[in-house]
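Chains as they are written, first to last, in this note's numbering: chain A, 1161 to 1500; chain B, 1161 to 1500.
Worksheet: the structure to be examined is printed underneath.
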């Protein structure tokens, strides 16, 4: 067995801690699956003096820039947000590292740029965890459905709003009451804007559209309407007709095959549709493709451990490529569709 | 752009015809995604004189052995059954071709042997279409969940029996009546044994277990009970309790992590479970993993076009590897668990 593959971890929050834990607890299995040991060389955190149970304190550093540029085989970025994540990833790519990130905002805004850098440098750029947390979704779209023509995607990709809408459906309660409950349970942020106004879903819709339709879509291109105006009465009326209201991310190819329409808004779904049974904080993405027909992916969209599962899956893929000196398929953007 | 990648197709039945059609109709997209053209060099069929609309008759040959051994970049096998498929695939691997197959019976019986041959020869062996047709399932298990520990799989992996059980549930009809209807609609074979006695599900359970638990399981290892003894009364009783009866393929790691239990039998599922809403000829596989939690994959399990979608997705993956001179991750069998 060759020398260990080195891994730098940028970010020590909930997801970062779960990633560090999963890499450490699954060390033997990961070594067997990859064919070499994974060696965590450092974890960049905001405050290295803060006690972190289960994490070797010698690994902690406040020098994210230095760690990102240290030329490890793989750099994992789970800081989130545009900066400093973007600069750190650019620096890591320039130093020859493959990238695994969970950063939806960054990918939705600068995905094309980062893909270009990674392709030029001959490194992997993976971000399975950026959309629908634990659900293996981007790799199937990028690879398994690569022989097919995707025509439409319908996604419940925000757990917070799905939790709120499920509660409103079950209890007949109003939005403001259920939001408070979701905040108390930790399912919603103190400032819930990014979730309830659909910004989070729009970023994910942009990423999904790029992969499914082989074109560039950014979060700003996405028509967006939140779910704050959905009332208990709306839900009751939908229910009486055999429908449930969900906040959907929708991306579809136009009939002339020359454009894509990407939007986020509340939608009525018949109770017989597979998406109707996606309850609480779960996510699901429903895909229609010409040959495959209807396909759906379902699972947990957020949380430390589920997100870490996707991150470490990407790490295994990138690690296998480092050993064979190859990279995974590039993003394959060739369609240049008009976003309508 | 380099010279075209050559592809030989073994089998001209429903799936073979759909594969040939998809490769031909999607030629431009496939070229853009792969980076090179795919060139079909021949289609091995039983009767080359039979007219096949949409297929270039010059490609047809009755010499499957010659075509399999012709050293094309990729050999697609959609004949099904153990022989001659096994000999043809062995010969193709010996001649340096990467393999894409939809052959569940062959993989469930001789998967370990074929994986070994492919690994030694440095070629890909892909079979996404062998389990749950169009659903991207094996690649996610092999790659996306590679950082996680799968503990349990529950699958509705046979469309025929799911169609029959759905009909019995909805109509209150007896097995024999619904079987006749399924046969008339083409959902069940004249001899339905392989489906209704669970042999088909058992082969798929064996393949899924191997990938999920990194151990060798063959179809003969699987405990198997069909669904022919499920009566309309059983289903009505289950329904009144809030359950639905499905034929499940179940594979689970034992608590001591040293064994796997793999079985196929009718099971009661609460109506609130995501598998309960998998109706008619659809398939779904529900996976529990330690970090990811619950994940489900849903879609069409059979049919020419859906199966072709998976086959051609595998062809794209294998083609990309040919260009970079690499192969995808091997099966990564290392666990040697006892099948209980």
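A virtual CB, placed ideally from N, CA and C, is assigned to each residue, including glycine.
In the DSSP assignment, residue 1456 of chain B falls outside any alpha helix (DSSP H) and lies within the beta strand (DSSP E) extending over 1453-1460. Inter-segment contact for the stretch 1444-1454 of chain B and the stretch 1194-1205 of chain B is absent: fewer than three beta-carbon pairs are separated by less than 8 Å. In the three-state scheme derived from DSSP, where H, G and I count as helix and E and B as strand, residue 1369 of chain B is classed as helix. Listed along chain A, no residue sits closer than 9 Å to residue 1285 of chain B by beta-carbon distance, the nearest being about 16 Å off.
The shortest CA-to-CA distance from residue 1478 of chain B to any of B:1193, B:1284, B:1269, B:1211 is the one to B:1284.
For the stretch 1284-1309 of chain B, the residues whose beta carbon sits under 7 Å from a beta carbon of chain A are, in order, 1288, 1294, 1295, 1296, 1299, 1300, 1303, 1304, 1305, 1306, 1307, 1308, 1309. Under the 8 Å criterion on CB atoms, residue 1457 of chain B is classed as interfacial with respect to chain A. Contacts with chain B at 8 Å (Cβ-Cβ) do not include residue 1228 of chain A. Here residue 1320 of chain A carries a helix assignment [DSSP, helix/strand/coil].
Taking the C-beta atoms as reference points, residue 1295 of chain A is found nearer than 8 Å to residue 1455 of chain B. For residue 1469 of chain A, the nearest CB of chain B lies under 8 Å from its own CB, placing it at the interface with that chain. Remark: three or more beta-carbon pairs, one from each stretch, lie closer than 8 Å, so the stretch 1211-1229 of chain B and the stretch 1168-1179 of chain B are flagged as touching.
Residue 1500 of chain B counts as exposed, since fewer than 16 other C-beta atoms from the protein chains shown sit within 10 angstroms of its C-beta. In this structure, residue 1257 of chain A places its C-beta atom within 8 Å of the C-beta atom of residue 1231 of chain A. With at least 16 other beta carbons inside 10 angstroms of its own, residue 1321 of chain B counts as buried. In this model, residue 1318 of chain A and residue 1270 of chain B are separated by some 43 Å (Cα to Cα).
A direct Cα-to-Cα measurement between residue 1193 of chain B and residue 1325 of chain B gives close to 40 Å. Chain order gives the chain A residues near residue 1494 of chain B as 1192, 1193, where near means a beta carbon separation below 8 Å. Think of a sphere of 7 Å around the beta carbon of residue 1437 of chain A: the chain B residues whose beta carbon falls inside it are 1434, 1437, in chain order. The beta-carbon distance between residue 1434 of chain A and residue 1387 of chain A, rounded to whole angstroms, is 20 Å. This is too long to meet the 8 Å contact definition. Neighbours of residue 1460 of chain B across chain A, judged by C-beta separation under 9 Å: 1452, 1453, 1454, 1455. Between residue 1309 of chain B and residue 1492 of chain A, the alpha-carbon positions lie close to 31 Å from each other. Under DSSP, residue 1236 of chain B takes part in a beta bridge, and its partners are B:1169, B:1260.
By the criterion of a C-beta distance shorter than 7 Å, residue 1180 of chain A is surrounded in its chain by 1169, 1200, 1203, 1215, once the five residues flanking it on both sides are discounted.
According to the DSSP assignment, residue 1185 of chain B belongs to the alpha helix (DSSP H) that extends over 1174-1185. Below the 7 Å Cβ cutoff, chain A contributes 1451, 1452, 1453 as neighbours of residue 1466 of chain B, in chain order. For residue 1480 of chain A, the residues of chain B that pass the 7 Å Cβ criterion are 1489, in the order they occur in the chain.
Contacts with chain B (Cβ-Cβ distance below 9 Å) from the stretch 1259-1276 of chain A involve no residue at all. Straight through space, the alpha carbons of residue 1377 of chain B and residue 1243 of chain B are spaced by roughly 20 Å. Using a Cβ-Cβ cut-off of 8 Å, residue 1186 of chain B counts as an interface residue toward chain A, since at least one Cβ of chain A sits closer than that to its own.
Between residue 1175 of chain B and residue 1464 of chain B, the beta carbon gap of about 5 Å places them in contact (Cβ cut-off 8 Å). Taking a contact as a CB-CB distance under 8 Å, the pair residue 1469 of chain A and residue 1371 of chain B does not count as one, their CB atoms being some 16 Å apart. The beta carbons of residue 1409 of chain B and residue 1268 of chain B sit about 11 Å from each other, so the pair does not count as a contact at 8 Å. Contact of residue 1486 of chain A with chain B by beta-carbon distance below 7 Å involves 1484, 1486. Non-local C-beta neighbours of residue 1428 of chain A in its own chain, meaning closer than 7 Å and more than five positions away in sequence, comprise 1398, 1403, 1405, ordered along the chain.
Out of B:1373, B:1419, B:1354, B:1224, the CA that lies nearest to the CA of residue 1313 of chain B is found in B:1373.
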